[in-house]
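Residues in the sequence shown are numbered consecutively from 80, following our numbering.
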Amino acid sequence: MRNFLSGGGGDNVKQTDEENLKEDSPTSKKASSKFEGKFPLSKWELIAAISVFLIFTTGLLSVYATMPASQYGNIKFPRNISDLRLLKDHLAMYANDYPAQFILGYCSTYIFMQTFMIPGTIFMSLLAGALFGVMRGLVMVVLNATAGASSCYFLSKLIGRPLVSWLWPEKMRYFHAEIAKRREKLLNYMLFLRITPTLPNTFINLASPIVDIPFHIFFLATLVGLIPASYITVRAGLALGDLKSVKDLYDFKTLAVLFLIGSISILPTILKRKRTYE
């Protein structure tokens, strides 16, 4: 303002034009694009992430080391339903002979995969149904999935903000806006997200602490909200012979049922809004 009154306005306009030209230049855009694509974690955040991973890995290997010997050459992580059938056959006798050790190894593996977002937990859920039946398998899957999601929540609280914003910027803005609109009935909305495949569970685990969802709401919504989908998956594990692909688990009818159950969870929010507008 002082420069403008003293006759320096022309120089300021000229300087602003020069800055705008620099910002619009191809070289500037290229540098900006390069900066935006840069790996988001700082050196210390990366060290923290690696440290946590090594601690969990050491714990998992320690659990495996205490388990009775087996023919490990016949055991590999399944990549499809055929692999899962073979794995189930190899593990059935082992689980029967050493139930406590097997359950410890199963739970440790499930939590490890869920914490570090390693794909394949759906095979673990099918395996639980095949080996333990519906009720025991369902309890194991829901508890392990909740424990793993909680670990992922706290890991994201430590280093997740730059990573999630880098990987899913648009989805993160959408999620933040939706959470802001539903603060009063946050548990209902989180239940809806957990029950229905509206957003991937991995994204919910990572993004929840960043948008300030309290842990007790996150935990309760996860514990209860995962039951319907887990039941479907665990129950399918009883009939692995009839299952051709993982995609067969969630056909149109199954998805419709999940959305119906999820809609019931957000019904109080809808009714409250309706009363407010009236």
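For every residue, glycine included, the Cβ atom is placed at its ideal position computed from N, Cα and C.
- Judged by their CB atoms, V243 and L285 are nearer to each other than the 7 angstroms cut-off.
- With a 10 Å radius around the Cβ and a threshold of 16 neighbouring Cβ atoms, N223 comes out buried.
- One Cα belongs to T188, the other to L139, and the distance between them is close to 7 angstroms.
- Here L266 is near I296, since their CB atoms are less than 7 angstroms apart.
- By a beta-carbon distance limit of 8 angstroms, T275 contacts L337. Their separation comes to about 5 angstroms.
- Secondary structure of Y177 (DSSP, three-state): coil.
- Using a Cβ-Cβ distance cut-off of 8 angstroms, the region 122-130 and the region 154-171 are not in contact, since fewer than three pairs of beta carbons, one from each stretch, lie closer than that value.
- Annotation: the continuous alpha helix (DSSP H) that includes K122 extends over K122 to T145.
- Distances from the alpha-carbon of P198 to those of K260, T277 and F282 put F282 closest.
- Counting only runs that start and end inside the region 235-322, the alpha helix (DSSP H) elements of at least 4 residues fall at 248-260, 265-274, 280-286, 294-304 and 306-315.
- Contact between the region 305-323 and the region 254-264 is absent: fewer than three C-beta pairs spanning the two stretches fall below 8 angstroms.
- Counting only unbroken stretches of 4 or more residues, the alpha helix (DSSP H) elements lying wholly within the region 150-229 are 160-176, 178-194 and 200-211, in sequence order.
- Taking a C-beta distance under 7 angstroms as the contact criterion, L206 and V142 do not qualify as a contact pair.
- Looking at the backbone, the Cα of R240 and that of P178 are separated by about 40 angstroms.
- The C-alpha of T333 lies about 24 angstroms from the C-alpha of D162.
- Y185 and T200 have their C-alpha atoms roughly 11 angstroms apart.
- In the three-state reduction of the DSSP assignment, D330 falls in the coil class, being assigned neither a helical nor a strand state.
- About 5 angstroms separates the CB atoms of G208 and L317; that is less than 8 angstroms, so the two are in contact.
- The beta carbon of P157 sits closer than 7 angstroms to those of L163, L166 and F202, all from its chain and outside the five residues before and after it, given in chain order.
- Non-local C-beta neighbours of Y232 in its own chain, meaning closer than 7 angstroms and more than five positions away in sequence, comprise N284, S287, P288, F294 and F297, ordered along the chain.
- Just so you know, the alpha carbons of I340 and F181 end up roughly 34 angstroms apart.
- Nearest C-alpha to L272 among M192, V213, F331 and I345: I345.
- Contact annotation: T225 and T277 have beta-carbon atoms that are not nearer than 7 angstroms.
- The alpha-carbon separation between R261 and Y268 amounts to approximately 7 angstroms.
- In the three-state DSSP reduction, S324 falls in the coil class, being neither helix nor strand.
- Looking at L319, I238 and V221, the one whose alpha-carbon comes closest to that of W123 is I238.
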